[in-house]
Amino acid sequence: MNDPMGISARDAGFVACTTCGKLHRNRFALTARRCVRCASRLHSRKPRSVQRAWALLSTGILLYIPANVYPIMFTWNLGRLQENTIISGILSLWNACSYLVATVIFVASMVIPVMKFVVIAYLLRGVRRKSRLTAGQKARLYRITELIGPWSMVDIFVVALLVALVKMGAIAFVKPGVAAIAFAAMVVATMLAAVAFDPRLLWDNERDEQ
Numbered sequence: 473m474n475d476p477m478g479i480s481a482r483d484a485g486f487v488a489c490t491t492c493g494k495l496h497r498n499r500f501a502l503t504a505r506r507c508v509r510c511a512s513r514l515h516s517r518k519p520r521s522v523q524r525a526w527a528l529l530s531t532g533i534l535l536y537i538p539a540n541v542y543p544i545m546f547t548w549n550l551g552r553l554q555e556n557t558i559i560s561g562i563l564s565l566w567n568a569c570s571y572l573v574a575t576v577i578f579v580a581s582m583v584i585p586v587m588k589f590v591v592i593a594y595l596l597r598g599v600r601r602k603s604r605l606t607a608g609q610k611a612r613l614y615r616i617t618e619l620i621g622p623w624s625m626v627d628i629f630v631v632a633l634l635v636a637l638v639k640m641g642a643i644a645f646v647k648p649g650v651a652a653i654a655f656a657a658m659v660v661a662t663m664l665a666a667v668a669f670d671p672r673l674l675w676d677n678e679r680d681e682q
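Spelled out as structure tokens, the structure:
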């Protein structure tokens, strides 16, 4: 009976370069170990993909705590210093009737990061264990996670814009806080976790279960 999932390139005796995409025969990859086009190392799957992704994901989760606890920016206005965390900033915008801006920042800074944590952890767990979703459905989740990843940087863009625009000497200024650095590092860590993860492992696991 034919395999409903088809045959993988690795099973067919091919290895694709992860840098330029050129296909090589397994026999060549085992001897040369480098791509003939770009000289990158050849691997049938990303080395230590799951371990690296877990490490980066854990780093992102740990950075998410100071990113929400500490001030993301300081505002000095006519001798008054005000600290703003992400949550307090969202509440201030909401109370000022800026509902759309408050909603966008809430989704970008609170919902999307947590969703990425959950999805990446679920995919990493799915490599080792059975799950209700098929490999194709999990691959779509992975693509969605990659697509929405940069939108988490909205908070950082807003702070950078305010710092650049509000420069009125001793009257008023805006200064980024430690949470801005933690939040930017968290976004980078989760994006790198998605890059480190090899989605082909999902198909390998489903094929092994059949």
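With positions in the sequence shown counted from 1, the corresponding number in the working numbering is that position plus 472. Where is the CB? At the ideal position from N, CA and C, for every residue including glycine.
Of the residues I559, F486, N549, which one's Cα is nearest the Cα of A652?
I559
Quick one: give me the first and last residue of the beta strand (DSSP E) that W623 is part of.
No beta strand (DSSP E) contains W623, which DSSP labels as neither H nor E.
If you scan the stretch 538-612 from start to end, which runs of the beta strand (DSSP E) of 3 or more residues do you find wholly inside it?
Qualifying beta strand (DSSP E) stretches, in chain order: 545-549, 552-556.
For P671, list the residues DSSP reports as bridge partners.
Bridge partners of P671: none, in fact.
Whose C-beta lies closer than 6 Å to the C-beta of P671 among residues of the same chain, with five residues either side of it excluded?
A611, Y614
Can you say whether N549 is buried or exposed, counting buried as having 16 or more other CB atoms within 10 angstroms of its CB?
exposed
Roughly how many whole angstroms lie between the Cα atoms of R597 and L553?
46 Å
Smallest Cα separation from I544: which of A656, L495, L674, A665?
A656
Could you check whether the stretch 505-523 touches the stretch 564-578, counting it as contact only if at least three pairs of C-beta atoms, one from each stretch, sit closer than 8 Å?
As far as the Cβ criterion goes, the stretch 505-523 does not touch the stretch 564-578, which means the pair count is below three.
Nearest neighbour of S624, chosen from C492, S530, M658 [CA to CA]:
M658
Would you tell me roughly how many angstroms separate the C-alpha atoms of S521 and F669, rounded to the nearest one?
5 Å
Neighbourhood of M473 by C-beta, 8 Å cutoff - its chain only, sequence neighbours within 5 removed:
Because M473 sits at a pLDDT of 41, beneath the cut-off of 50, its placement in the model cannot be relied upon, and the following sentence gives the value as read from the coordinates. Hits under 8 Å: none found.
Using CA atoms only, rank isn't needed, just tell me which of E618, V626, N567 is closest to A666.
E618
Straight-line CA distance for A580 to V650?
19 Å
G532 versus K518 - alpha carbon distance:
21 Å
Please classify Q682: is it buried, with 16 or more other beta-carbons within 10 angstroms of its beta-carbon, or exposed?
Here Q682 scores only 48 on pLDDT, less than 50, and its place in the model should not be relied on; the value that follows carries that caveat. Q682 comes out exposed.
Residues in its own chain within less than 7 Å of T491 by CB, not counting five upstream and five downstream?
Cβ-Cβ distances below 7 Å link T491 to C507, C510, S512 in the same chain, with the five nearest sequence neighbours on each side left out; the list follows chain order.
Along the chain, where does the beta strand (DSSP E) that runs through R497 open and close?
495-497 is the span of the beta strand (DSSP E), which, as asked, contains R497.
Rounded to whole angstroms, what's the CA-CA distance from I537 to L528? Just pull it up for me.
If you draw a straight line from the Cα of I537 to the Cα of L528, it is about 15 Å long.
Spatial neighbours of L673 in its chain, beta-carbon cut-off 8 Å, leaving aside the 5 residues before and after
Same-chain partners within the cutoff: R517, S521, V522, V599.
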